Structures are given as C-alpha cells and as structure tokens.
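Just so we're aligned: 193 in our numbering is position 146 of the sequence shown, and the numbers increase by one with no gaps anywhere.
We treat Cβ as the ideally placed atom computed from N, Cα and C, and that holds for glycine.
If you're wondering where the values come from, they're calculated on a predicted model, not measured in any experiment.
So the structure is just underneath, and the comments pick up after that.
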Amino acid sequence: MDIIILIFGGLLILLGLAGSFLPIIPGPICSWLGLLVLHLTNSVPSNTTFLTLTFIIALVIFSLDAFLPVWGTKKLGGSRMGAIGSGIGFLIGFFFGPIGLVFGPIVGALAGELTQNSDLKKAVRAAFGSLMGFLAGTIMKFALGVVYLVLFVNIFWEHKELFF
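Listed below in structure tokens is the structure:
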C-alpha cells in the first residue's frame, strides 16, 4: 500500500511542477500535498514541524504569485488604476484558463493606465511591470517545486528500505 501512496505523492509533486507554468494549477500547494502524502505512509515518520514549515512557505509563495503582477505594475510607474486594472485582469483572466491568467493582468494594467491618462508609453511600461511580476511568480513557484521534489526524493531515499 505504501508504494501506491508513494506513487500518488510523486504525481502530486510533478503536478506541482507543472503548476509552475500552468496558472490554473496551484503548484506550490500540489507540491506540498505530495510531501504530506509521503509523510502519511507507514514507512516515513510524520514530522509536523517540517510539514508546517513547508506548508507556510507554499502558502506564502502561492499568495505572492497572485500579488506580484500588481506589485510589478506599481513598481514600474503604474498608477493606482493600473494596479487595480492588473488585479481585475487577473480575476477576469481566471475564467479564461491559463492564457487568461497570463494576459489578463497585462491587459488589465494597460487598460487601467489608459483610463487614468492617455500616455501609451507609461501604460505599456505598467503592463510590462505586470508581466515581470507574473514571470517572477512563475520562477518562484518552479524553484519551490524543485526544492520540494528534492526533499521528496531525499526523504524517500532515507527510508527506501522500509518501502521495499
């Protein structure tokens, strides 16, 4: 039975890695669930401190991923309307799948800036900030997914004799 649970945990880790690039999948949370499933086997002793810390980290990265496009918009000179537009674009983009989640904040930041003033250069710069925020979130999610994959493999390797 532990082997089936191990395989399921490994699939969750891989789904978490895929979620780094597919915005519809909550990558950090899926990766953490893979670690949790590994600890639910009879072969690996449960470590609540480890699971709690890795969950908090996954939750922080997951939350930051939603806010980075808005922050990037503000950081590159976007106005309050550009930041609001980026946030609204994210929410609307959610209904259009992965493509909407990528382009929603960018289009929203651009539209929000253009409603504030007609300076296209400033609006494009704010939209670029939203794109940079999205890319930063993607890189963070992927890095966390790789770290959780390494942790998963290391924990399994330490207890491999108990699985077989």
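Could you check whether residue 132 and residue 155 sit closer than 8 Å to each other, using their CB atoms as the reference points? Position 108 of the sequence shown holds residue 155. Position 85 of the sequence shown holds residue 132. Contact: yes.
For residue 202, collect the residues of the same chain with a Cβ closer than 7 Å to its Cβ; drop the 5 residues on either side in sequence, then sort them by chain order. Residue mapping note: residue 202 aligns to position 155 of the sequence shown, counting from 1. So the list reads 85 and 91, once near-sequence residues are dropped.
If you scan the region 72-141 from start to end, which runs of the beta strand (DSSP E) of 3 or more residues do you find wholly inside it? Within the region 72-141, no beta strand (DSSP E) run of at least 3 residues lies entirely inside it.
Beta-carbon spacing of residue 181, residue 75 below 8 Å: Along the sequence shown, read from residue 1 onward, the residue named residue 181 stands at position 134. Along the sequence shown, read from residue 1 onward, the residue named residue 75 stands at position 28. At least 8 Å separates the beta-carbon of residue 181 from that of residue 75.
Shortest alpha-carbon distance to residue 81 belongs to which of 186, 101 and 96? Along the sequence shown, one-based indexing puts residue 81 at 34. Nearest to residue 81 by alpha-carbon distance, out of 186, 101 and 96, is 101.
Identify which residue in 175, 113, 149 and 109 has its Cα closest to the Cα of residue 125. Position 78 of the sequence shown, counted from the start, is the residue given in the question as residue 125. Residue 175 is the option with its Cα nearest to residue 125.
Which residue marks the beginning of the alpha helix (DSSP H) containing residue 201, and which one marks its end? Counted from its first residue, the sequence shown places residue 201 at position 154. 167-205 is the span of the alpha helix (DSSP H), which, as asked, contains residue 201.
Given a threshold of 16 other Cβ atoms within 10 Å of its Cβ, counted over all protein chains shown, does residue 197 qualify as buried or as exposed? Looking up residue 197 in the sequence shown gives position 150. Under this definition residue 197 is an exposed residue.
Considering only the alpha carbon of each residue, which of 185, 207 and 200 lies closest to residue 111? As a working note, residue 111 is residue 64 in the sequence shown. The candidate whose alpha carbon is nearest that of residue 111 is 185.
So, residue 151 versus residue 136, is the Cβ gap smaller than 8 Å? What you label residue 151 is simply residue 104 of the sequence shown in a count that begins at 1. What you label residue 136 is simply residue 89 of the sequence shown in a count that begins at 1. Yes; because the gap between Cβ atoms is below 8 Å, this pair is in contact.
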